[in-house]
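Taking it in order: structure first as structure tokens, then the write-up.
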Amino acid sequence: MARIAADFLTETLQQAGIKRVYGVVGDSLNGFTDSLRRHGTIEWVHMRHEEAAAFAAGAEAQLTGELAACCGSCGPGNLHLINGLYDCHRSRVPVLAIAAHLPSSELGIDYFQATHPEILFRECSHFVELVSNPNQLPQILERAMRVAVAKKGVAVVVLPGDIALMPLATPAPKWTSPKPPRCASQPVGYRKPGEAPQRLFENHAALRRWLRWRARRSYPTGRAPQSPDRARPARQGIH
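In my numbering, the protein residues as written are 24 to 262.
Structural data, given as structure tokens:
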């Protein structure tokens, strides 16, 4: 069987470390779900509702801190994703949503249950783009994943069902996850809660040891000279 765009999608998700995809099967998703079955490297988690799929992906991203994925079929499937994706986006967790779409020949002719996913998901994502040619998929998919991780939110790839079944020979890229930007107020070298206070305590203890050593070098007898006020004997009574 010739390699198709859906295979590229599966292999790229695998390279990105995605372990499972949450969703509900549908005609427009057949190419992608069959590719997942044939490769066997990513678990397909069938949900009862696309909304639950988006919430599940968000929960995984929240718990692991890694990119998670969900998908929905065209029409109602995409609409059902919205509630969960809003939650993911407002919670600032990296989630990639694959929004399957009508066959490209049916776009723009008022097809049954047709929607405009690139408009629907605009307010609940940092990135949403329609793949109108299989050769666009490599760049659009990579941008979507990088934006989701770097900006901590939702990215949506709109993939028509027939585009997913078209040949695509481009190999899956070696994925290097982008690092989230460092907060300006975050101390340099801070890695774990409690690490910075512990380091401060160690530095303070070292400073105290050095001061004691310096005092012994300056006053070998072990007694520092007293100030005139402290050396003056206390007055007895009132004069």
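Quick reminder that beta carbons are idealized off the backbone N, C-alpha and C, glycines included.
Which value, in whole angstroms, describes the spacing of the CA atoms of T35 and L230? Along the sequence shown, one-based indexing puts residue 35 at 12. Along the sequence shown, one-based indexing puts residue 230 at 207. So the two alpha carbons sit approximately 53 Å from each other.
Residue range of the beta strand (DSSP E) that I121 falls in? Taking the first residue of the sequence shown as position 1, residue 121 is located at position 98. Here the beta strand (DSSP E) through I121 covers V118 to H124.
Segments assigned beta strand (DSSP E), at least 3 residues, entirely inside the stretch 81-144: Counting whole runs of 3 or more residues, the stretch 81-144 contains the beta strand (DSSP E) stretches 91-95 and 118-124.
Determine which residues share a DSSP beta bridge with H69 and list them. Within the sequence shown, the letter at position 46 stands for residue 69. Note: H69 sits in a beta bridge opposite G46.
Between W67 and R60, what straight-line distance do the alpha-carbon atoms span, to the nearest angstrom? As a first step, residue 67 is located in the sequence shown; it is residue number 44 there, counting from the start. As a first step, residue 60 is located in the sequence shown; it is residue number 37 there, counting from the start. So the alpha carbons of these two residues sit roughly 8 Å apart.
Suppose you measure from the CA of L90 to the CA of R235; what does that come to, to the nearest Å? Along the sequence shown, one-based indexing puts residue 90 at 67. Along the sequence shown, one-based indexing puts residue 235 at 212. Cα-Cα distance, rounded: 52 Å.
Can you give, in chain order, each stretch of the alpha helix (DSSP H) that sits fully within the stretch 144-174 and has at least 4 residues? 160-174, all fully within the stretch 144-174.
Which residues in the same chain have their Cβ closer than 6 Å to the Cβ of E83, if we skip the five residues on either side of it in sequence? Locating residue 83 in the sequence shown gives position 60, where the first residue counts as 1. A91, listed in sequence order.
Alpha carbon to alpha carbon, what distance is there between G63 and H124? One-based indexing of the sequence shown puts residue 124 at position 101. One-based indexing of the sequence shown puts residue 63 at position 40. Answer to the nearest angstrom: the Cα atoms are 24 Å apart.
In three-state DSSP terms, what is P210? Against the sequence shown, residue 210 aligns to sequence position 187. For P210, the predicted structure reports a pLDDT of 44, less than 50, and the residue's modelled location is therefore unreliable. A value from the coordinates is still provided. In the displayed model, P210 falls within coil according to three-state DSSP, outside both helix and strand.
In the DSSP assignment, find the unbroken beta strand (DSSP E) run with R52 in it and report its ends. In the sequence shown, counting from the first residue as 1, residue 52 sits at position 29. The residue asked about is misnamed: residue 52 is Leu in this sequence, not Arg. Looking at the DSSP string, L52 is not in any beta strand (DSSP E), and its letter there is neither H nor E.
Alpha carbon of A76 to alpha carbon of Q38, nearest angstrom: Within the sequence shown, numbered from 1, the residue matching residue 76 stands at position 53. Within the sequence shown, numbered from 1, the residue matching residue 38 stands at position 15. Distance between A76 and Q38, taken at the CA atoms: about 22 Å.
Between the C-alpha atoms of P210 and Y45, what's the straight-line distance to the nearest angstrom? Position 187 of the sequence shown, counted from the start, is the residue given in the question as residue 210. Position 22 of the sequence shown, counted from the start, is the residue given in the question as residue 45. Low local confidence applies: a pLDDT of 44 at P210 is under 50, so the model's placement there is unreliable, with the coordinate-based value given in what follows. Rounded to the nearest whole angstrom, the CA to CA distance from P210 to Y45 is 37 Å.
So does the stretch 96-113 actually touch the stretch 46-55, counting three or more Cβ pairs closer than 8 Å? Here the stretch 96-113 lies against the stretch 46-55, with 3 or more beta-carbon pairs under 8 Å apart.
Between V181 and A120, is the Cβ-Cβ spacing less than 7 Å? Mapped onto the sequence shown, residue 181 falls at position 158. Mapped onto the sequence shown, residue 120 falls at position 97. At least 7 Å separates the beta-carbon of V181 from that of A120.
Given F150, which residues of its chain have a CB within under 6 Å of its CB, disregarding the five upstream and five downstream residues? Mapped onto the sequence shown, residue 150 falls at position 127. A167, V170 and A178.
Buried or exposed: L104, going by 16 or more other Cβ atoms within 10 Å of its Cβ? Residue mapping note: residue 104 aligns to position 81 of the sequence shown, counting from 1. With 16 or more Cβ atoms within 10 Å of its Cβ, L104 is classed as buried.
Need the endpoints of the alpha helix (DSSP H) that L182 sits in, please. Taking the first residue of the sequence shown as 1, we reach residue 182 at position 159. Note, L182: premise wrong, no alpha helix (DSSP H); beta strand (DSSP E) at V177 to P183.
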